[in-house]
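A.B. asks: Quick one: structure below, then a few questions.
Number of protein chains: 2
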Amino acid sequence: MNDPIALELRKALDGPWQQVRQDFRDQIEPDMLLGTPGESIEAQRDRVTSQLVRLASLGHGRVGFPEAYGGTYDYGASCALFEMQGYGDLSLLVKLGVQFGLFGGAVSRLGTERHHDEVLTDIMDAKILGSFAMTEIGHGSNVQRLETTITFDPETNELVVNSPTPSSVKTYIGNAAKDARMAVVFGQLLTPANNEFVGHGVHAVLMDVRDESGKVVDGVTIEDNGVKGGLPGVDNGTFAFDNVRIPRSALLNKFADIDDEGNYQSDIENENARFFTTIGTLVRGRICVGGGAASAAKKGLAIALRYGARRRQFEAPGHDQEIVVLDYLAHQRKLFPRLAKAYALSFAQNAITESLQELHGDTRADGDAPAKEDIRELETRAAGLKAISTWHAVDALQAAREACGGAGFISENQLTQARADVDVFATFEGDNTVLLQLVAKGLLTEYKEMFGDLAMAELAGLVTKQVAEGLVERTAGRAGIQRLRDIAKGRGHESAMDDSGWHLSMFEQRADHALETVGKRLRRANKENGFELFNDAQDHVLFAARAHIDRCILEDALESMEQMPDGEAKDLMAQVLSLYALSSIEDDKAWFLEHGRLNTVRSRAVTSAVNDLCKELRPHVHTLVDGMGIPEELITAPIATGEQTTSYA
Amino acid sequence: MNDPIALELRKALDGPWQQVRQDFRDQIEPDMLLGTPGESIEAQRDRVTSQLVRLASLGHGRVGFPEAYGGTYDYGASCALFEMQGYGDLSLLVKLGVQFGLFGGAVSRLGTERHHDEVLTDIMDAKILGSFAMTEIGHGSNVQRLETTITFDPETNELVVNSPTPSSVKTYIGNAAKDARMAVVFGQLLTPANNEFVGHGVHAVLMDVRDESGKVVDGVTIEDNGVKGGLPGVDNGTFAFDNVRIPRSALLNKFADIDDEGNYQSDIENENARFFTTIGTLVRGRICVGGGAASAAKKGLAIALRYGARRRQFEAPGHDQEIVVLDYLAHQRKLFPRLAKAYALSFAQNAITESLQELHGDTRADGDAPAKEDIRELETRAAGLKAISTWHAVDALQAAREACGGAGFISENQLTQARADVDVFATFEGDNTVLLQLVAKGLLTEYKEMFGDLAMAELAGLVTKQVAEGLVERTAGRAGIQRLRDIAKGRGHESAMDDSGWHLSMFEQRADHALETVGKRLRRANKENGFELFNDAQDHVLFAARAHIDRCILEDALESMEQMPDGEAKDLMAQVLSLYALSSIEDDKAWFLEHGRLNTVRSRAVTSAVNDLCKELRPHVHTLVDGMGIPEELITAPIATGEQTTSYA
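Protein chains in written order, with UniProt numbering: chain B, 1 to 649; chain D, 1 to 649.
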C-alpha cells in the first residue's frame with residue numbers, strides 16, 4: 001500500500017502496539033488464519049486445532065505471559081495481537097482466546113507458582129489444551145450462584161468436585177468437546193467446620209479432564225454441545241462431575257487457600273469482594289472479545305465498501321454507465337457511519353488496552369498496587385466497551401452483508417460466517433445487556449460499596465451525584481480534548497456541525513444528565529420497593545450506561561486524533577470522527593430534543609450534516625479502507641479483490 | 001390448546017384463509033417440514049427435495065394453480081399456505097417457493113395453453129422441477145438491464161439463448177445446482193428486421209436445462225453457488241448459455257409473441273409497460289416472501305418468550321427465587337414490541353393476500369380486468385410490506401437469539417438456522433432498499449406515468465400533491481378505522497396514549513407530511529439535476545415509503561381488530577396493537593418532535609406508555625404466544641418445550 005494518507009491513518013489506529021500489529025501483518029499467511037467455507041464440523045475443528053498449534057509455535061501463545069515462564073511480550077500486546085487475529089477465522093480467534101486468554105489467563109492470574117511451574121509453559125506452547133469451565137446450564141450471567149461444588153475433604157487432603165443438579169452441568173465450554181486435557185473449573189468452595197460445611201463462595205481449581213491419550217477422566221462426563229449458530233470450529237461441550245477427587249493443591253490460590261490444617265484463608269475477608277476480585281482479574285477477556293469483534297466488523301465493512309465502489313446498478317439521466325452503488329446516499333448511509341464508528345472504537349480499544357497494561361501489566365512492581373478506583377473504572381469500561389463493540393460488529397456485518405446483496409450471502413465473500421460467528425460475542429464474556437447494567441452499577445456506586453452485601457437495587461439507593469460526577473470527571477483530564485472543549489466554549493451555541501468541542505459537549509450532556517436523573521429516580525429505593533423501582537427504570541439505566549460509554553469512546557478518539565501531526569490525514573480523521581459523533585447524536589435526536597439540548601432546526605441540521613459528511617468522505621473511501629490496516633492477505637472475498645465481475649464492460 | 005382467548009386471537013389472525021391454516025395444522029408432522037441441525041449440505045439438499053416431493057403428494061403444489069390442470073384452491077390460499085410452511089425449515093420454504101411460486105407461477109401466468117398443457121400438472125406434482133432464472137451476476141435489482149439474449153432465428157424458427165458476457169451469467173438460481181429439469185429464463189428478446197436485430201426488452205422462455213436422466217443439456221453450463229450464509233438445503237447455482245437453440249414456442253407468450261411470419265407482436269406497445277406488466281404478474285412472490293419471513297419471526301419470538309417465562313437469573317430483595325427474566329423490563333422491551341409488530345403484520349399480510357386474490361385470483365372473470373390503479377397499489381404495497389416484514393424477521397430473530405443467551409446459539413433451539421436463512425429474504429424478490437424506493441415511486445407518480453420512458457429522478461418531477469393524496473385516500477375508506485378516527489377527533493389533542501384513533505392520526509400525519517415534503521423537494525428535478533436532486537433526498541424518500549407502509553399496516557390491523565367480537569380477546573388485541581403503534585411512534589419520536597406532532601412532555605409519555613404496556617401484557621404472554629397459531633409440532637426447541645433445565649429446583 002502506497003497511499004501516504006492511509007499509512008498515517010493506520011499509524012494512528014495502530015496506536016501504542018504498532019509493532020505487534022506490523023509483525024503480525026508481516027508474518028501471517030492466509031492458511032494460518034482462514035478456513036474454507038463448507039468444511040464439515042469435524043474438519044473445521046481439526047483445522048482450527050492445528051492452526052492454534054501452528055500459531056503457538058510462532059510464539060502467539062507467549063504474548064502476555066510472564067517472562068519467567070518464557071512469555072515474550074507485555075500484557076497489552078496480547079490484546080493487540082488478539083485484535084489482529086480477529087481478521088482471520090473467528091472460530092480460531094475464540095479457540096485462541098479460550099486457550100491463551102481464559103484458560104491460560106486464569107491459571108496465570110488466579111494460580112500461583114505451583115500451578116505456573118506445572119503447566120504454564122505447556123499452555124503457551126499449546127502442549128496442554130484447556131477449558132475455562134465457568135458457565136452452567138442454570139447460571140451464565142449470575143456466576144455467583146453457580147451450583148458446582150468444590151468440597152474439601154480433610155481425611156484425604158483432597159477437593160471433591162461435584163455437579164449436584166442437572167442445571168449445575170457446565171455448558172458451552174470451549175475446548176471441552178474434543179481438545180481439553182485440563183480445565184479451570186469454577187464452583188462453590190466448601191470446607192468442613194464444626195460438623196458442617198461452610199461455603200466461601202466461587203473459587204476455581206485446575207484439574208485434568210482427559211488423560212494424555214485423550215481418555216476422559218473417571219467421574220467426568222463430557223458431552224458435545226453440537227451444532228451452533230456459528231463458531232463451527234470451536235468444540236464447545238459440557239462437563240458434569242461426579243464427586244471427582246483432586247489434590248488440595250489444585251485450588252487456584254492467588255486470593256484464597258486452604259492451609260495444611262484444613263482452614264480456609266484469604267486476605268480478602270468479604271466473600272463478595274473476593275468474588276469480584278477474582279472475576280476482575282479476568283477483565284482482559286472482555287477487552288479482547290470487544291477488540292476481536294471490532295476487527296471482524298472492520299473487515300466486513302472493508303469488503304462491502306470495496307464492492308460498493310465497483311458495483312453498478314440503475315441508470316440515471318446524464319450518466320453514461322449505471323451508477324456506482326456507493327454513490328447512492330442510502331448506500332453511503334448504510335456503510336459510512338459504521339465505518340466512522342469502527343474508527344472511533346479502534347481508539348477506544350487502544351485506550352482501554354493501555355489502561356489494562358498500566359493496571360494489570362507485568363511492568364508494574366508488585367508492591368505498587370493500582371488504586372481500587374482505577375481498577376473499578378477499567379472494569380466498568382471493559383464491560384461497556386465490550387457491549388458496544390460486539391453489538392457494533394453484529395450490526396456492521398449485517399449491514400455489510402445486505403449492502404452486498406446476493407453476493408454478500410455467498411460464503412466465499414467472507415461476510416456470512418463472520419456474521420454468524422460474531423453473533424454470540426454479544427452473549428459470551430457477559431451478556432451485553434447485563435454488562436451495561438454493570439456499567440450503570442459502576443457509575444452509580446462508590447467502589448467500596450460494590451463489595452458490600454447489597455443487591456443492585458439497594459446499591460442504587462446509595463448513589464450521590466458527587467460520586468457519579470467524580471467518576472465521570474476522572475476520564476476528562478486529557479490535554480487534547482480539553483483544548484477542543486475550550487475552543488468550543490468560546491463559540492457558544494452556534495458551533496459548526498463539525499466542531500469536535502460541540503460534539504464532546506453533547507456527549508457529556510447526554511451522559512451526565514442521564515446518570516443524574518437515573519440516580520435521582522433510584523434514590524428512593526429500599527429493601528421493599530428496590531426491585532420494582534429499579535426494574536421500572538431499567539431502560540433509563542441502560543441508556544445512561546450506553547451514554548457514558550459513548551462519551552468515553554468519543555473522548556478516546558478525539559484525544560488520539562489530536563495527537564496526530566497536522567495535515568491531510570488528521571483532517572480526514574476529523575471528518576470521520578465528526579461523522580461518528582453526529583451519527584450518534586442523530587440516533588439519539590429524540591433525547592436531545594426532549595431535553596432541550598437541540599432545537600428542531602438544529603436537529604434537522606444534524607441529519608443534513610450526516611448526509612454531507614457521507615458525500616465528502618465518498619472520494620476517500622479507498623484511503624479509509626486501507627487506513628484500517630487490515631492484513632490484505634486475509635481479505636480473499638472475490639467481490640472485494642475484484643476477481644468477481646460486477647457488470648458488463 | 002384450550003385457552004379460549006388464545007383461540008379467539010388465533011381466529012382473528014387466521015383471517016379469511018382460516019381453513020387452509022387449520023388443515024395445515026391438522027395435517028403436518030415434524031418430519032415433513034423440519035430438518036436436523038448439522039446435516040451436510042448434500043444431505044440437507046436431498047432431504048429438502050424429498051420433503052418437497054412429499055408435500056406435493058399431499059397437494060401442497062396444487063394450491064393456487066388453475067382448476068383446469070388439477071389445481072385445487074384459490075390464489076390467496078397459496079399465500080396463506082406459504083405462511084404456514086414458513087414455520088418449518090426455511091430451505092424447504094424457499095424450495096417450495098421456487099418450484100410452485102416462481103417457476104410454476106411464471107409458467108402459469110406468463111405462459112399460455114401450449115405451456116400449461118405441456119408441464120403444469122407435472123410441475124404441481126413435482127415431477128418436473130424447475131428454476132426461475134432471472135438474476136444475473138451483473139444485474140439483480142435492475143432487471144431491465146439483463147444481458148442474456150434470446151434471439152429469434154427465422155431460418156430455423158428457433159430462439160437462441162445466449163450469455164454474451166461473464167456478467168450475464170444467471171446466478172443464485174434456486175433448483176439450478178441439482179434439481180432443475182427446466183427453467184424459465186429471462187433475457188432480452190431480439191428479432192431480425194431489415195438486416196438488423198431489434199430489441200423488445202426482457203421476455204421469458206421455458207426451456208430444458210437437464211434431460212430426464214439429469215444430464216445437463218448441451219450448451220448449458222451449470223455451476224454450484226456453493227456454501228451460503230443460510231438456506232443450505234437450497235441448491236442455488238449458475239446457468240450460462242452458449243447459443244442454446246429452443247423452439248419458438250418456448251416463448252412464454254401471454255403478453256407478447258412472435259408470429260408465424262417472424263414478426264414480434266404485443267398488445268402492450270410500450271416496452272417499459274410490457275416489462276412492468278410481466279414483472280407485476282409475479283407480485284405473489286413478494287407477498288409470499290414477506291409472509292414466510294414473518295412466520296419465521298413469530299416462531300422465533302414464541303421460543304424466546306416461552307424460554308424467557310421460565311428462565312430465572314439474579315436475585316432481588318423480597319423475592320425467594322431468582323427473577324424470571326421476562327419480568328425484567330429490558331427483556332420485555334426486547335420481545336414484546338416485536339411480538340406486537342408480528343401481530344400487526346399478520347393482519348397486513350391477510351389484507352394484501354385478499355387484495356391479491358381479488359385482483360389476480362382465478363375467481364375473477366377474464367373480461368373483468370382490474371383497474372390499473374388497484375394493480376399498482378397492490379404492487380406498491382407488496383413491495384413495501386415485503387421490505388418491512390423481512391427486516392422485521394431479521395430483527396426479531398436476532399432479538400430472540402440474544403434474549404435466549406448461549407442457549408439461543410445452540411442450533412437445536414431453532415433460532416440460529418432461521419436467523420441465518422431469513423437474512424437473504426431482505427435481498428431476494430427485490431432488495432429491500434430498492435423496494436422502498438419503488439414504494440415511493442408508486443406514491444409519487446400517477447400510474448400512467450409509470451409506464452413512460454422516464455427514470456425515477458425525472459418521474460419525481462411529475463409529482464403532484466393531488467396524486468399522492470389520492471393514492472393515500474384510497475386505503476382509508478374502511479368502516480372500522482373510520483369509527484376509531486371519528487372517536488379520536490372528538491377527543492382533540494389530549495387523547496389517551498392507548499387511543500387507536502390517535503395512533504392512526506399520528507401514522508397518517510407522518511406518512512402524509514413525509515410524502516408531501518419529499519414531493520416538494522423533488523419537484524425541481526429535470527434531466528440535468530435529476531439524479532443529484534433525487535440522491536440527496538434518498539433518505540427522505542425511503543422514510544416516506546416506510547411511513548406509508550407503516551400506516552397501511554396499522555390500518556389493516558385496526559380494521560381487523562374492529563371486526564373481532566367484543567370481549568377479552570379484543571381488549572387484549574387492542575393493547576397489543578397499541579404497543580405496536582406506540583413503539584413505532586417511539587422509534588420516530590425525533591421526527592414527531594421536529595415536526596411539532598409531539599411536544600416533549602407527550603414524547604416522554606410515549607416511552608412510559610410503551611413500558612406500561614409491556615408490564616400489562618406480561619401476564620398474557622402464553623395466551624399471546626398461543627394466539628399466533630404456530631403448529632405446536634414445529635416448535636421442537638428444548639428451551640421452549642421445557643425439556644431443557646433452566647435452573648435448580
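Backbone N, C-alpha and C fix where the C-beta goes; we use that ideal spot for every residue, glycine too.
No experiment lies behind these values; they were computed from the predicted model shown.
1. Using the C-alpha atoms, what's the distance from G174(B) back to V234(B)?
2. Answer with buried or exposed for E36(D), where buried requires no fewer than 16 other C-beta atoms within 10 angstroms of its C-beta.
3. Please name the residues in the region 419-436 of chain B whose beta-carbon is closer than 8 Å to at least one beta-carbon of chain D, in chain order.
4. Along chain D, in chain order, which residues have C-beta atoms closer than 8 Å to that of Y328(B)?
5. Does any C-beta atom of chain D lie closer than 7 Å to the C-beta of A460(B)?
6. Using CA coordinates, which residue listed in S495(D), A133(D), L231(D) is at the minimum distance from V94(D)?
7. By the DSSP assignment, the beta strand (DSSP E) with A511(D) in it spans what residues?
8. Any beta carbon of chain D sitting closer than 7 Å to that of V227(B)?
9. Going by CA-CA distance only, name the one from A296(B), A316(B), G480(B) that's closest to Q414(B).
10. So A387(B) and A293(B) are in contact, right, with Cβ under 8 Å, and what is the actual spacing, rounded?
11. Please work out which residues of its chain come closer than 6 Å, Cβ to Cβ, to T636(B), disregarding the five sequence neighbours upstream and downstream, and give them in chain order.
12. What does DSSP give as the partner residue(s) for D224(D) in the beta ladder?
13. Are at least three pairs of beta-carbons, each pair with one atom in the region 430-449 of chain D and one in the region 539-559 of chain D, less than 8 Å apart?
14. Please list, in chain order, the chain D residues whose beta carbon lies closer than 9 Å to that of S603(B).
15. Using a Cβ-Cβ cut-off of less than 8 Å, give me the residues of the region 39-54 of chain D that come near chain B, in sequence order.
16. Count Cβ pairs between the region 176-190 of chain B and the region 143-158 of chain B that sit closer than 8 Å; are there 3 or more?
17. Secondary structure at L190(D), three-state DSSP: helix, strand or coil?
18. What three-state label does DSSP hand E261(D) in the structure shown?
19. Leaving aside the five residues before and after L206(B) along the sequence, list all residues of the same chain whose C-beta is less than 7 Å from its C-beta, in chain order.
20. Does the count of Cβ pairs from the region 83-103 of chain D and the region 377-385 of chain D closer than 8 Å reach three?
21. According to DSSP, V244(D) sits in a beta bridge with which residue or residues?
22. My output table needs one value for S355(B): the three-state DSSP class, helix, strand or coil.
23. With distances taken Cα to Cα, identify the nearest neighbour of E118(B) among D208(B), A590(B), V48(B).
24. Less than 7 Å separating the beta-carbons of L579(D) and A396(D)?
25. Considering only residues of the same chain and omitting the five flanking positions on each side of A420(B), which have a CB-CB separation below 7 Å?
26. Name the chain D residues that come within less than 8 Å of G318(B), Cβ to Cβ?
27. Any beta-carbon of chain B closer than 7 Å to the one on G384(D)?
28. With DSSP run on the structure shown, which of helix, strand or coil describes Y328(D)?
29. What are the boundary residues of the beta strand (DSSP E) that V205(D) is part of?
30. If you draw a straight line from the C-alpha of E412(D) to the C-alpha of I487(B), how long is it?
31. I'd like to know whether the C-beta atoms of Q90(B) and Q51(B) end up nearer to each other than 7 Å.
32. Chain B beta carbons: is any one of them nearer than 7 Å to that of Q321(D)?
33. Could you work out which residue in G219(B), G130(B), G70(B) is closest to T121(B) when comparing CA atoms only?
34. So, is V463(B) buried or exposed, given that buried needs 16 or more other C-beta atoms within 10 angstroms?
35. Look at the alpha carbon of R25(D) and the alpha carbon of P631(D), and state the distance between them as a whole number of angstroms.
36. Would a C-beta distance cut-off of 7 Å place A557(B) and L577(B) closer than the cut-off?
C.D. replies: Result, derived from the coordinates:
1. C-alpha separation (whole angstroms): 6 Å.
2. According to the sequence as given, residue 36(D) is Thr; it is not Glu. Residue environment for T36(D): exposed (fewer than 16 other C-beta atoms within 10 angstroms of its C-beta).
3. Residues of the region 419-436 of chain B whose Cβ lies closer than 8 Å to any Cβ of chain D, in chain order: R419, A420, D423, V424, A426, T427, F428, D431, N432, T433.
4. Correct list: N535, Q538.
5. For A460(B), the pLDDT reaches just 49, beneath the cut-off of 50, and the residue's location in the model is therefore unreliable, leaving the point undetermined.
6. Nearest to V94(D) by alpha-carbon distance, out of S495(D), A133(D), L231(D), is L231(D).
7. Counting along the chain, A511(D) falls outside any beta strand (DSSP E), though it belongs to the alpha helix (DSSP H) covering 500-522.
8. With a threshold of 7 Å between beta carbons, V227(B) makes contact with chain D.
9. When each option's Cα is compared against that of Q414(B), the closest is A296(B).
10. Under the criterion of beta carbons closer than 8 Å, A387(B) and A293(B) do not qualify as touching, at roughly 10 Å.
11. If we look at T636(B) and ignore the five residues flanking it on each side, it has no Cβ neighbours.
12. Under DSSP, D224(D) takes part in a beta bridge, and its partners are G237(D).
13. Remark: three or more beta-carbon pairs, one from each stretch, lie closer than 8 Å, so the region 430-449 of chain D and the region 539-559 of chain D are flagged as touching.
14. Correct list: A590, L593, E594.
15. So the close ones are S40, I41.
16. Contact between the region 176-190 of chain B and the region 143-158 of chain B is established, with three or more Cβ pairs separated by less than 8 Å.
17. Here L190(D) sits in strand by DSSP.
18. When secondary structure is reduced to three states using DSSP, E261(D) falls in the coil class, being assigned neither helix nor strand.
19. Cβ neighbours of L206(B) beyond the five flanking positions: V107, G111, H115, M182, V184, A250, L252.
20. Touching, no.
21. V244(D) is bridged to V161(D).
22. Three-state DSSP puts S355(B) in a helix.
23. Per the C-alpha coordinates, the member of D208(B), A590(B), V48(B) positioned closest to E118(B) is D208(B).
24. Not closer than 7 Å, so no.
25. Contacts found: G229, G230.
26. Simply K527, E528, G530, F531.
27. Not closer than 7 Å to any Cβ of chain B, the Cβ of G384(D) fails to qualify, so no.
28. Residue state, collapsed to three classes: coil.
29. For V205(D), the enclosing beta strand (DSSP E) has its first and last residue at 196-208.
30. If I take the Cα positions, the gap works out to 57 Å.
31. In the sequence as displayed, the identity of residue 90(B) is Leu instead of Gln. For L90(B) and Q51(B), no; Cβs fall outside 7 Å.
32. It does not; no Cβ of chain B falls within 7 Å.
33. Selected option, being the one with the closest Cα: G70(B).
34. Here V463(B) scores only 45 on pLDDT, less than 50, and its place in the model should not be relied on; the value that follows carries that caveat. When all chains shown are included, V463(B) counts as buried.
35. If you take the alpha carbons of R25(D) and P631(D), they lie about 5 Å apart.
36. Closer than 7 Å, so yes.
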